[in-house]
Amino acid sequence: MKRLGLKSTVLATATALISSLGMTSSIAFAKQTTLNIGMASADAGKLDPHIATTTPDKGLLHWMFNGLVRITPGQSNPGLIEPDIASSWTTSDDGLTWVFTMRDDVECHGEYGNLDAEDVVFSLRRSSNKEQSSFSGDFAAFKSIEATGDYEVTITLSNPIPSLLGTLVPYHGGNIVCKDAVEALGEGYERSPIGTGPFMFAEYQPQQYVRLVSNPEYFRGEPKIKEIFYRYIPSDASRDLAFQSGEIDMIYGRQDQTWVERIKKLPGTKVAIMSPGEMSMISLNKTVAPLDDIRVRKAVAHSIDRERMVMFKGQDVALPAVSVVPEGYLGYTANVPKYEFSVEKAKALLSDAGYPNGVTIKAIHTSLPGMLSTMEALQSLLRDSGINLEIEVVEHATFHEQIRKDMSQVTHYSAARFPVADTYLTQFFHSNSIPLKPTAVTNFSHCDVADAEIEAARTEPDPDKQLKLWATAQQKIGEEVCAVPIYQNLQLWAWKDTLNLGFEVKGSLNLSPAITEISHFTE
Amino acid sequence: MSGFVLKRLGFAVITLIAVLTIVFFIVRILPGDPAMVILGDQASQQSIDLLRKRLGLDRPMIVQYFDFMSGVAIGDWGVSMVSGRPVISEVLKVLPATLELTFAALILGAVIGVPLGVWAAISRNTIVDYLLRLASLLGLSSPAFVSAVLLLFAFAIYLPWFPVISSGRGTSLGARMNDLALPAINLGLIMAAYITRVARSAMLEVLGQDYVRTAKAKGISFFAIIVRHCLRNTMIPVVTVVGLYLGILIGNSVLTEIVFNRPGLGRLIVGALFQRDYTMLQGMMVIYTLLVVVVNLLTDLTYGLIDPRIKYS
Chain A
1 MKRLGLKSTV
11 LATATALISS
21 LGMTSSIAFA
31 KQTTLNIGMA
41 SADAGKLDPH
51 IATTTPDKGL
61 LHWMFNGLVR
71 ITPGQSNPGL
81 IEPDIASSWT
91 TSDDGLTWVF
101 TMRDDVECHG
111 EYGNLDAEDV
121 VFSLRRSSNK
131 EQSSFSGDFA
141 AFKSIEATGD
151 YEVTITLSNP
161 IPSLLGTLVP
171 YHGGNIVCKD
181 AVEALGEGYE
191 RSPIGTGPFM
201 FAEYQPQQYV
211 RLVSNPEYFR
221 GEPKIKEIFY
231 RYIPSDASRD
241 LAFQSGEIDM
251 IYGRQDQTWV
261 ERIKKLPGTK
271 VAIMSPGEMS
281 MISLNKTVAP
291 LDDIRVRKAV
301 AHSIDRERMV
311 MFKGQDVALP
321 AVSVVPEGYL
331 GYTANVPKYE
341 FSVEKAKALL
351 SDAGYPNGVT
361 IKAIHTSLPG
371 MLSTMEALQS
381 LLRDSGINLE
391 IEVVEHATFH
401 EQIRKDMSQV
411 THYSAARFPV
421 ADTYLTQFFH
431 SNSIPLKPTA
441 VTNFSHCDVA
451 DAEIEAARTE
461 PDPDKQLKLW
471 ATAQQKIGEE
481 VCAVPIYQNL
491 QLWAWKDTLN
501 LGFEVKGSLN
511 LSPAITEISH
521 FTE
Chain B
524 MSGFVLKRLG
534 FAVITLIAVL
544 TIVFFIVRIL
554 PGDPAMVILG
564 DQASQQSIDL
574 LRKRLGLDRP
584 MIVQYFDFMS
594 GVAIGDWGVS
604 MVSGRPVISE
614 VLKVLPATLE
624 LTFAALILGA
634 VIGVPLGVWA
644 AISRNTIVDY
654 LLRLASLLGL
664 SSPAFVSAVL
674 LLFAFAIYLP
684 WFPVISSGRG
694 TSLGARMNDL
704 ALPAINLGLI
714 MAAYITRVAR
724 SAMLEVLGQD
734 YVRTAKAKGI
744 SFFAIIVRHC
754 LRNTMIPVVT
764 VVGLYLGILI
774 GNSVLTEIVF
784 NRPGLGRLIV
794 GALFQRDYTM
804 LQGMMVIYTL
814 LVVVVNLLTD
824 LTYGLIDPRI
834 KYS
């Protein structure tokens with residue numbers, strides 16, 4: 001064999017070096033296509049979109065599913081609904097019959113084929129089945145759901161629901177699942193969900209991550225981001241440090257002013273403060289003394305200084321609450337009784353009610369630090385008026401069980417819901433939602449003064465009349481002081497500024513920023 | 524010796540049954556409804572009741588107990604109430620990570636703790652002894668999550684030598700060692716602090732023995748006395764406490780697992796407790812009980828290796 005001469009060897013080596021430099025250069029300039037997201041959760045829960053209710057699970061499923069319609073990405077306003085799987089729809093004059101024309105190019109992930117009307121019918125029936133769905137209550141007015149063509153679905157209602165489209169966005173029961181996949185996978189579906197969205201489930205590692213990959217068949221085009229690692233990092237400190245070190249590109253933030261200020265200082269970081277906010281509210285059980293006296297409830301309302309509470313939480317992350325329905329929700333009104341902060345008025349009311357030396361009220365409360373700190377701040381404010389708030393702190397699951405057994409006089413709750421007044425009013429202030437009833441949800445105050453308005457608004461076809469009914473409901477609830485709203489806690493996320501989501505992020509129903517086919521890294 | 528081992532394993536079965544029975548009933552007495560945790564706070568009472576029925580939680584407790592125990596007898600530990608995934612597969616997925624971390628911490632702890640304990644004993648009541656005892660006290664007093672965060676700041680942020688997320692998923696040995704380093708150092712230093720104190724006490728006791736005085740009188744070098752005559756006798760109490768601590772370490776690694784984002788049994792059990800995942804908790808108890816039994820058995824067998832006078836029959 002002829003050996004290479006020295007000259008040839010040097011030439012070959014030089015060529016190899018130059019080539020590797022070129023490769024290195026091109027690698028250095030190749031854009032990132034894997035997105036690492038850090039979420040504040042220990043692990044995945046149920047990954048069935050018709051069951052998942054936790055923020056971490058909903059945030060993940062958001063990128064895997066479509067609805068018949070959707071809210072414009074980057075927004076949470078239900079007034080910004082646009083086509084998704086359905087390309088168009090019509091409604092009868094009486095608002096009872098809705099006909100949706102679907103796209104014919106929507107493909108289920110994997111080998112589950114084209115999505116047609118049968119799939120949509122199956123999916124919506126599944127969502128409305130209380131044995132299979134956490135959200136069946138949203139479909140109470142659905143009388144029938146039929147496939148009236150290969151790509152046409154007709155929904156008939158028992159009464160008009162002007163917020164029907166809101167029920168069909170990919171949030172809760174509106175997420176469309178593929179019939180063949182659900183039937184084939186059975187109980188395994190919640191471990192490997194199949195949707196139609198821009199990203200597909202690929203892998204799950206317990207306590208570590210769920211990996212999604214881009215859907216090459218996505219009807220809006222293959223996503224530019226090829227892979228998402230949704231990492232479960234329960235420790236706030238670890239999540240922030242991982243973001244700082246560059247191991248994570250996007251993180252769920254702590255709802256805290258100090259977090260915002262610290263993360264904003266990191267170079268190359270974008271912080272998003274998103275709606276819908278979680279309404280922090282204390283419900284006063286008006287069937288139990290001393291809260292059965294409206295003067296005592298009014299005294300509680302007058303004792304709370306919302307401005308100071310917002311400053312306590314952080315002016316970037318909280319908004320003072322006015323009505324029992326969060327601001328920004330369809331149907332919200334600021335025209336409600338306002339109980340201005342006044343220790344003198346509170347004391348006078350207590351004295352009238354027969355408590356000149358003060359009164360004691362009790363609350364069972366969760367040990368979750370974010371909520372407990374709020375309650376402790378309220379305790380301090382109430383003390384100034386002579387209201388002694390005794391807080392029994394219990395672990396979170398215990399808290400939820402005990403408040404649903406109606407064991408607490410005062411219940412502090414922090415929650416976001418679909419941003420329509422009906423959802424909030426029904427769950428928190430309709431008498432059907434009172435604890436211990438079969439239909440119980442979260443009406444801890446036992447409020448029943450606005451049932452008629454809530455029910456009438458739900459089925460009112462005239463939008464102006466509907467808004468008036470919702471406004472009246474909020475005014476009555478305010479006059480009765482069923483609950484005292486404190487502030488709205490906004491959702492916080494941060495990401496590297498090399499990540500371009502493709503739209504401005506103002507909100508997201510699913511509480512995670514929308515990542516779509518147009519999202520990409522600029523470097 | 525095989526008789527001794529078989530007898531111990533026999534006792535282990537009885538221990539397992541007792542532990543499982545206690546855990547089974549205690550978790551069900553705890554307040555908190557798994558169905559409510561799974562379905563979330565927007566679910567109606569009807570949905571919650573239906574799920575309870577589907578999970579079999581509406582049956583009498585004694586029926587649930589016998590159902591569970593008969594499953595354990597044939598190796599069926601059930602499925603997680605929250606995730607729907609088989610308990611045994613969830614446990615086996617994270618068990619290697621826990622064992623890896625625990626034994627790395629043990630090795631580090633022993634390699635650092637034993638020499639330092641011996642040195643402290645030899646240097647009794649000198650500045651070296653005081654400093655080592657102070658360091659040991661600091662190590663024992665520092666909460667694991669505080670030292671973990673400090674290690675991350677120092678060696679993952681300011682000196683970016685190691686990753687923040689120690690996923691334990693590296694495919695090469697180098698990558699796995701890189702992931703394991705900081706969590707193992709965190710737990711290892713705590714263990715070293717503990718072993719230092721025990722080794723110091725044990726060595727001091729041995730140094731006061733007559734045979735050590737005799738060896739000194741015969742002119743044997745100090746190094747030879749320590750290594751050949753004292754060290755082995757020091758190891759019996761050290762092995763005892765290491766064995767005891769190992770069982771605790773497996774369970775108490777949860778804070779380290781959380782801060783370094785490692786999978787592990789500690790995180791699994793804490794998560795199952797918060798979510799009221801009864802089947803996962805029960806399955807975890809089987810594993811923990813077996814691990815503690817095996818560790819105790821290995822500890823006992825190690826005595827025989829150290830001290831040839833100890834025989835098992």
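If you read the protein sequences in the order shown, they are chains A and B. Residues in the first sequence are numbered from 1 upward in steps of one, following my numbering. Residues in the second sequence are numbered from 524 upward in steps of one, following my numbering. For each residue, glycine too, the CB sits at the ideal point set by N, CA and C. Nothing here was measured: the structure is a model prediction, and the numbers come from that model.
**Partners in chain A for B:PHE548, counting only beta-carbon separations shorter than 9 Å** = Within chain A, no residue comes near B:PHE548; the closest Cβ sits about 17 Å away, beyond 9 Å.
**Prompt:** Measuring CB to CB, does B:LEU624 end up less than 8 Å from B:PRO706?
**Reply:** yes
**Message:** Does any residue of chain A have a CB that is nearer than 8 Å to the CB of B:LYS739?
**Reply:** no
**Request:** In angstroms with no decimal places, state the Cα-to-Cα distance between B:VAL542 and B:THR812.
**Result:** 8 Å
**Item:** Through-space distance from A:ASP292 to A:ALA473, alpha-carbon basis
**Value:** 20 Å
**Beta-carbon contacts of A:HIS540 that lie in its chain and below 7 Å, excluding the five residues immediately before and after** = For chain A, the structure presents residues 1 to 523; residue 540 of chain A sits outside this window and is missing.
**Asked** Name the chain A residues that come within less than 7 Å of B:ASP556, Cβ to Cβ?
**Response** GLU401
**Message:** Cutting at 7 Å between CB atoms, please list the residues of its own chain near A:GLN207, excluding the five before and the five after it.
**Reply:** ALA42, ASP43 and TYR232
**Message:** Is there a C-beta anywhere in chain A that falls below 8 Å from the one on B:GLU623?
**Reply:** no
**Item:** Other residues of its chain near A:THR423: CB distance less than 7 Å, five sequence neighbours each side excluded
**Value:** ARG417
**Item:** Proximal residues of chain B, C-beta to C-beta of A:ILE233 below 8 Å
**Value:** ILE688 and ASN784
**Prompt:** What does a CB cutoff of less than 7 Å around B:LEU574 pick up in its chain, not counting 5 residues either side in sequence?
**Reply:** ALA558, ILE561 and LEU562
**Prompt:** Since B:ALA897 and B:ASN709 are thought to touch, with beta carbons under 8 Å apart, how far apart are those beta carbons, to the nearest angstrom?
**Reply:** Nothing about residue 897 of chain B can be reported from this structure: the residues present for chain B run from 524 to 836 only.
**Where the beta strand (DSSP E) through A:TRP283 begins and ends** = Here residue 283 of chain A is Ser; the residue named in the question, Trp, does not match the sequence. 269 to 284 is the span of the beta strand (DSSP E), which, as asked, contains A:SER283.
**Request:** State the start and end residues of the unbroken beta strand (DSSP E) segment that holds A:ALA483.
**Result:** 483 to 496
**Message:** Am I right that B:MET803 and B:VAL546 are in contact with their C-beta atoms under 8 Å? What's the rounded C-beta distance?
**Reply:** Incorrect: roughly 11 Å between the Cβ atoms, too far for contact.
**Request:** Measure from the C-beta of A:SER245 to each C-beta in chain B and report whether the shortest distance is under 8 Å.
**Result:** yes
**Asked** Grouping DSSP H, G and I as helix and E and B as strand, with all else coil, what is A:ARG211?
**Response** strand
**Prompt:** Between A:LEU21 and the rest of its own chain, which residues show a CB-CB distance below 8 Å, the 5 nearest in sequence each way excluded?
**Reply:** Bear in mind that the predicted position of A:LEU21 carries a pLDDT of just 40, short of 50, making it unreliable; the figure below should be weighed with that in mind. The answer is none, since no qualifying residue turns up.
**Asked** Looking only at its own chain, which residues have a Cβ that is under 6 Å from the Cβ of A:PRO435, when we skip the five neighbours before and after it?
**Response** ARG404 and ASP406
**Asked** For the segment 786 to 808 of chain B, which residues have a CB atom closer than 8 Å to at least one CB atom of chain A, in sequence order?
**Response** PRO786, GLY787, ARG790, LEU791, VAL793, GLY794, PHE797, GLN798 and ARG799
**Prompt:** At what residue ranges does the segment 280 to 315 of chain A contain a whole run of the alpha helix (DSSP H), taking only runs of 4 or more?
**Reply:** 294 to 303 and 306 to 313
**Prompt:** What residues in the segment 593 to 621 of chain B bring their beta carbon closer than 7 Å to a beta carbon of chain A?
**Reply:** VAL605, SER606, GLY607, ARG608, GLU613, LYS616 and VAL617
**Buried versus exposed call for A:THR24 [16 or more other C-beta atoms within 10 Å across all chains shown]** = Any reading at A:THR24 needs caution, since the residue's pLDDT is 39, under 50, leaving its predicted position unreliable; the model's value is listed next. So A:THR24 counts as exposed.
**Message:** Helix, strand or coil for A:ARG103? Go by DSSP, reduced to three states.
**Reply:** coil
**Asked** Within this structure, are the beta carbons of A:VAL317 and A:VAL260 separated by less than 8 Å?
**Response** yes
**Prompt:** Cβ of B:THR857 within 8 Å of Cβ of B:GLY766?
**Reply:** Here chain B covers residues 524 to 836 and nothing more, so residue 857 of chain B does not appear.
**Asked** When you compare each of B:PHE589, B:ASP556, B:THR757 and B:SER593 to B:LYS576 by their alpha carbons, which one comes out closest?
**Response** B:ASP556
**Message:** I'd like to know if the segment 239 to 256 of chain A and the segment 467 to 482 of chain A are in contact, where contact means that at least 3 CB-CB pairs between them fall below 8 Å.
**Reply:** no
**Item:** Simplified DSSP state of A:GLN75, which is helix, strand or coil
**Value:** coil
**Stretch-stretch touch, CB-based, cutoff 8 Å, three pairs: the segment 381 to 401 of chain A with the segment 315 to 333 of chain A** = no
**Item:** Contact residues within the segment 555 to 587 of chain B, judged by C-beta distance below 7 Å to chain A
**Value:** GLY555, ASP556, MET559, VAL560, ILE561, LEU562, GLY563, ASP564, GLN565, ALA566, SER567, GLN568, GLN569, SER570 and LEU573
**Asked** Quick one, are the C-beta atoms of B:GLY809 and B:TRP600 less than 8 Å apart?
**Response** Sequence check: residue 809 of chain B is Val here, not Gly. Yes; because the gap between Cβ atoms is below 8 Å, this pair is in contact.
**Message:** Measuring straight from C-alpha to C-alpha, what distance separates B:THR506 and A:GLY386?
**Reply:** This structure leaves residue 506 of chain B out entirely; chain B is present only between 524 and 836.
**Prompt:** Got a sec: is the Cβ-Cβ distance from A:THR156 to anything in chain B below 8 Å?
**Reply:** no
**Request:** For B:ARG785, count neighbouring Cβ atoms within 10 angstroms of its own Cβ and tell me buried if that reaches 16, exposed if not.
**Result:** buried
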